[in-house]
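What follows is a set of notes on a single structure, which appears directly below.
Residue numbers (this note's numbering): 527 to 624.
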């Protein structure tokens, strides 16, 4: 979290950025901006950041489940790299035959 706080602080100190800008409303930035402006304390910033991250992840999973042709890879599978490469080669072969 310290790297993110430092990153947002550089932007905050510029003084010419509006917190309503889409880039500053992204998960993490919004919460740190609130912390730097004094509207949130450190604990609130962290809690809101965690909640916002979970909400974003849930929306992303919902969207991905609705997509066709998605291949899920288990990040704990020791053969994940091999499986990913196999999927990539298959996709490339499919594009070349079109």
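Yeah, the Cβ is synthetic: ideal placement off N, Cα and C, and Gly gets one too. These numbers come from a predicted model, not from an experiment.
So what does DSSP say about residue 611, is it helix, strand or coil? helix
Supposed close pair residue 553, residue 582 - CB separation, criterion 8 angstroms: 5 angstroms
Just to confirm, is the Cβ distance from residue 574 to residue 586 under 8 angstroms? At a Cβ-Cβ threshold of 8 angstroms, residue 574 and residue 586 do not count as neighbours.
With distances taken Cα to Cα, identify the nearest neighbour of residue 567 among 593, 609, 540 and 531. 531
Reduced DSSP secondary structure (H/G/I, E/B, other) of residue 539: helix
Under the three-state DSSP convention, the category residue 601 falls into: In the structure shown, residue 601 sits in coil (DSSP, three-state: anything other than H, G, I, E or B).
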